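Down below is the structure, laid out as structure tokens.
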Amino acid sequence: MNIVFKAQRVFEPKRGAVPVFIVRGKAPGPRQALFTALAKDDQNHISLVAGDLLRSNDGDSRLVVLPSGGRAILLGFSADKPFRARDALRLVRRTVNMAKATDTPKIAVALTDFAAPKSTPAVAAESFALQAALANFDFISYKQPPKTGWHWVEEVTIIDPRAKMLEPTIGRGRIIGEETNNARALANTPGGDMTPALLAAAAESAGGRTGFAVTILDETEMKKIGMGAVLGVGRGSDEKPKFIVMEYRKGKKNEAPVVLVGKGVTFDTGGLNLKPSEHIYEMHMDMSGGAAVIHALAAAARLKLKKNIVGLVPAVENMPSGSSYHPGDLLKTLSGKTIEVLNTDAEGRIILADALTYAERYKPRLVIDVATLTGAATVALGQRASAIFATDKRTETALMASGERTGDYLWPLPLWEEYEEDVKGTFGDWANSGKTRYGGAINGAVFLWQFAKSYPWVHLDIAPRMTSIDGDFLAKGATGVGVPLLADFLARSR
143 MNIVFKAQRV FEPKRGAVPV FIVRGKAPGP RQALFTALAK DDQNHISLVA GDLLRSNDGD
203 SRLVVLPSGG RAILLGFSAD KPFRARDALR LVRRTVNMAK ATDTPKIAVA LTDFAAPKST
263 PAVAAESFAL QAALANFDFI SYKQPPKTGW HWVEEVTIID PRAKMLEPTI GRGRIIGEET
323 NNARALANTP GGDMTPALLA AAAESAGGRT GFAVTILDET EMKKIGMGAV LGVGRGSDEK
383 PKFIVMEYRK GKKNEAPVVL VGKGVTFDTG GLNLKPSEHI YEMHMDMSGG AAVIHALAAA
443 ARLKLKKNIV GLVPAVENMP SGSSYHPGDL LKTLSGKTIE VLNTDAEGRI ILADALTYAE
503 RYKPRLVIDV ATLTGAATVA LGQRASAIFA TDKRTETALM ASGERTGDYL WPLPLWEEYE
563 EDVKGTFGDW ANSGKTRYGG AINGAVFLWQ FAKSYPWVHL DIAPRMTSID GDFLAKGATG
623 VGVPLLADFL ARSR
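Take any residue in the sequence shown, note its place counting from 1, add 142, and you have its number in our numbering.
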């Protein structure tokens, strides 16, 4: 599944790479290295087909057989609308998807075709590598190979005179893409094969592979320190909870770390408040936040960032049984505050409460939690952006900028003290569900805020982007949301 990027100044069609032409407002012309390297008859044929594409609907794509016997891929993009940075990201994915669909293992592209307005060559190169890697992924672990084999893009030749100097940025994009795909594979793994213990093992494997330390707290150790929230949610399952601690320390010795916290519910039935059938499917992906944190650390290690970063993942399975926690239970958290359980299907915020308190021991300069927390975030935003809640505007702005660069889009929702009234408990300090059915995403964030008051904090509700949708040009299933965003932010933050 690896894409090999080669940088050349002149395209050599005899090497077997199929040239890709973006038809946007005009047909390919003599100024394009990909075009001028072709025979005259091939050029004329491409111009003819391109003219047809210009008159067709936006998004039309063609695999063209050339008079010489070679092939070319043409992708139409409407000239009637501006070409935005977001279009550039999707165009890369669309290109790779077209190559896969036409069994084209080697393609050649001009980097300038994919450069967003005002984008630097370095940003364009890194973005191309990242998006191409994301589009070249399919989850095939449980499938038998077809007789014709799997269709991957094995090699991309990038035609750009600055390509040599851009190779380091291409490498960065590829690393982030590979770790995002690793998170996707982890999140796609069925719940029967992804328990808290197996998620902990996956974290240990990632740490050993890339170079960060991993410590796993078991039930006994969690009881000793008073993690009543994690233990309460996990007690309904035969699969015992784990608390995953990951530490990457390549920054200055006394530098306060950034702490990443990921929700690790390896399967969420809703507990005794059992989910209806239409909402229980895909709940093996409720550990997508945990997967994102594990592989954001792996990306940081492979990028050799000079930072101190800690990752925390409370891992549980939320199951109904005779030992399950109940609506009405009062759970004592690591902080000493009690949680009044109104709904056992709002378990993610409960386990994150202990993790956010545990983060305090690192005296962090920033804590970011990543969680498929609420369906309400999807109701509010649809499936094209995650929700962001932040106590610091500058950090919020920086994260949103990282989202725009990587395609992990964010949109802010309010984090106001007035909302605290909605999650105050009657018999406990805080209730894990709001008093009305309104503002569910905000209620979840404000609840978490009660355990994150001692440091700068950001909550990312990634439920809207847990799975891909039509138009993403990504394989069905997990998107790896959070990994590109966090990797970019960590690389740029001071």
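Beta carbons: idealized from backbone N, C-alpha and C, even for Gly. Since the structure is predicted, the reported quantities are computational estimates derived from the model, not experimental observations.
Quick check: residue i and residue j, are their CB atoms within less than 8 Å of each other?
i	j	result
V568	E482	Residue identity differs from the one stated: residue 568 is Thr in this sequence, not Val. In this structure, E482 lies closer than 8 Å to T568 by Cβ.
G393	N450	yes
P456	D487	no
I386	G368	no
A594	M608	no
L628	A434	yes
A371	I492	yes
E424	A227	no
V162	L217	yes
V403	L328	no
H421	M336	no
E296	K248	yes
P224	D184	no
G374	P462	no
A250	F153	yes
I317	M388	no
V165	L195	yes
K382	D360	yes
L616	A277	yes
T408	G622	no
N574	L439	no
W558	V565	no
G193	A221	no
A252	L176	yes
D614	S544	no
S635	A513	no
Within 10 angstroms of its Cβ, does residue i collect 16 or more other Cβ (buried), or is it exposed?
i	result
M307	exposed
M143	Confidence at M143 is low in this model, with a pLDDT of 42, below 50, so its placement is unreliable and no value can be given for it.
V625	buried
S466	buried
Q286	exposed
R235	buried
N415	buried
Y500	buried
H601	buried
H468	exposed
Y645	One cannot answer for residue 645 here, as it falls past the ends of the chain, which runs 143 to 636.
L476	buried
P506	buried
E320	buried
N460	buried
T237	buried
V298	buried
P338	buried
V207	exposed
W292	exposed
P155	buried
Give the DSSP-derived three-state secondary structure of residue i in the structure shown.
i	result
V191	helix
L526	Note on residue identity: the sequence assigns Arg, not Leu, to residue 526. R526 falls in the coil class under three-state DSSP.
K285	coil
T331	coil
L590	helix
D302	coil
I358	strand
A620	strand
M143	Annotation note: pLDDT 42 at M143 (below 50); position unreliable, no value reported.
G349	helix
F270	helix
I318	helix
N278	coil
V295	coil
L602	strand
F177	helix
A221	coil
A573	strand
V483	coil
F430	Going by the sequence as given, residue 430 is Ser instead of Phe. If DSSP states are grouped into helix, strand and coil, S430 belongs with the helices.
R213	strand
P161	strand
K248	strand
- Please go through the region 372 to 426 and give each complete alpha helix (DSSP H) segment of 4 or more residues, from N-terminal end onward. If we require 4 residues or more, the alpha helix (DSSP H) runs fully inside the region 372 to 426 come out as 419 to 422.
- Message: Pairs of beta-carbons, one from the region 388 to 402 and one from the region 519 to 526, closer than 8 Å: are there three or more?
- Response: Contact between the region 388 to 402 and the region 519 to 526 is absent, because fewer than three Cβ pairs lie under 8 Å.
- Message: Is it the case that the region 527 to 544 contacts the region 596 to 611, given that we only count it when at least three CB pairs across the two stretches are under 8 Å?
- Response: The region 596 to 611 vs the region 527 to 544: in contact.
- Between the region 262 to 280 and the region 576 to 592, do three or more beta carbon pairs fall short of 8 Å? no
- beta strand (DSSP E) segments (min. 3 residues) lying fully within the region 530 to 566: 552 to 554
- For the region 446 to 491, which segments carrying the beta strand (DSSP E) assignment without a break, of at least 3 residues, lie completely within its bounds, in sequence order? Within the region 446 to 491, the runs of beta strand (DSSP E) that reach at least 3 residues and sit entirely inside it are, in chain order, 450 to 460, 472 to 474, 480 to 482.
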